[in-house]
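Data first, discussion second: the structure below is written as structure tokens.
Numbering (mature numbering (1 follows the signal peptide of the UniProt record, and there is no 0)), first residue to last: -22 to -1, 1 to 250.
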């Protein structure tokens, strides 16, 4: 039933997104006057400090600024951002509502079979467990067995837990968020409706600080992931990949990515 629910939500969101993007022809026309082809880049608007809407409702964050840095060096193309809910992100890409994703997407083998990723990664992320402050019985993924854990359908953190459940003595009780909002999941952890949440520590700490939540990260990182830009598996996607990879490499070498990482996350989390 849940899969059917998310599919229905995704269709509704895409219909709405299609209406919003019905003005895309005017965007493309704008790009055409400058000789640039418009590429719509999907990202979330509630995933700080990587991609979120600021006080002026403008998309900003680390992932946004990385794409803007690429855009400055890439001739012939113009990147424009589209806020898309996570549970509709890949469906939007597959249906060509967007042509790229920059949203902390981990390069998992399953995703790389279906989608085109840049060879160059632009962020090195960790996966950690967050619990209500002071809780001592959860430190490892094994400790999550039988516990209620918040989840977002289709993200790499949830996929990790779903894969673990295939061999767990007692499955983790995954509670899929209907809002798709990590802030609400962490509030449920604080309020005791959930036992834990698994996600990136930088995002978690940003949300905790902003909302003053009584939640903390515990234990050691479960895994480390490299994040890449996702493109459509088609000729144009291949063309973009061939253009973007050398630019990402240059942004690593000249220190731009490290500077942006320090600005938004407080540290240099750049893959080698």
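For glycine and all other residues, C-beta sits at the position ideal for the given N, C-alpha and C.
Provide the residue span of the beta strand (DSSP E) that contains residue i, from first to last.
{"i": "residue 199", "result": "193 to 209"}
{"i": "residue 128", "result": "126 to 129"}
{"i": "residue 29", "result": "29 to 31"}
{"i": "residue 276", "result": "Since the first and last residues shown for the chain are -22 and 250, residue 276 lies out of range."}
{"i": "residue 174", "result": "174 to 177"}
{"i": "residue 78", "result": "78 to 84"}
What is the residue span of the alpha helix (DSSP H) that residue i lies within?
{"i": "residue 68", "result": "67 to 72"}
{"i": "residue 163", "result": "160 to 168"}
{"i": "residue 223", "result": "213 to 231"}
{"i": "residue 35", "result": "Element bounds for residue 35: n/a, residue is neither H nor E."}
{"i": "residue 234", "result": "234 to 243"}
With DSSP as the reference, identify every bridge partner of residue i, one or two as the case may be.
{"i": "residue 182", "result": "DSSP, once it has assigned bridges, lists no residue as partnering residue 182."}
{"i": "residue 55", "result": "15"}
{"i": "residue 104", "result": "202"}
{"i": "residue 24", "result": "30"}
{"i": "residue 61", "result": "21"}
{"i": "residue 45", "result": "Note: residue 45 sits in no beta bridge, so no partner."}
Taking residue i as the reference, which of the options has the closest Cα?
{"i": "residue 241", "options": "44, 206, 17, 37", "result": "44"}
{"i": "residue 231", "options": "250, 215, 144, 245", "result": "250"}
{"i": "residue 200", "options": "90, 93, 179, 170", "result": "179"}
{"i": "residue 72", "options": "18, 54, 101, 49", "result": "18"}
{"i": "residue 47", "options": "137, 239, 247", "result": "239"}
{"i": "residue 91", "options": "142, 245, 119, 211", "result": "211"}
{"i": "residue 64", "options": "39, 131, 106, 118", "result": "131"}
{"i": "residue 225", "options": "154, 215, 50", "result": "50"}
{"i": "residue 183", "options": "28, 16, 13, 21", "result": "28"}
{"i": "residue 141", "options": "157, 68, 86", "result": "86"}
{"i": "residue 195", "options": "162, 26, 33, 112", "result": "112"}
{"i": "residue 134", "options": "171, 81, 243, 245", "result": "81"}
{"i": "residue 97", "options": "247, 205, 244, 234", "result": "205"}
Could you give the C-beta distance for residue i and residue j, rounded to a whole number, given that I count them as a contact under 8 Å?
{"i": "residue 37", "j": "residue 70", "result": "At roughly 15 Å, the Cβ-Cβ gap does not stay under 8 Å, so residue 37 and residue 70 are not in contact."}
{"i": "residue 159", "j": "residue 24", "result": "5 Å"}
{"i": "residue 108", "j": "residue 167", "result": "6 Å"}
{"i": "residue 274", "j": "residue 122", "result": "Because the chain is modelled from -22 through 250, residue 274 falls outside the range shown and cannot be assessed."}
{"i": "residue 126", "j": "residue 116", "result": "Not a contact, Cβ separation roughly 11 Å."}
Between residue i and the ligand NAP, is there a pair consisting of the residue's CB and a ligand heavy atom that are separated by less than 7 Å?
{"i": "residue 68", "result": "Among the components modelled here there is no ligand, and therefore nothing to report on the ligand NAP."}
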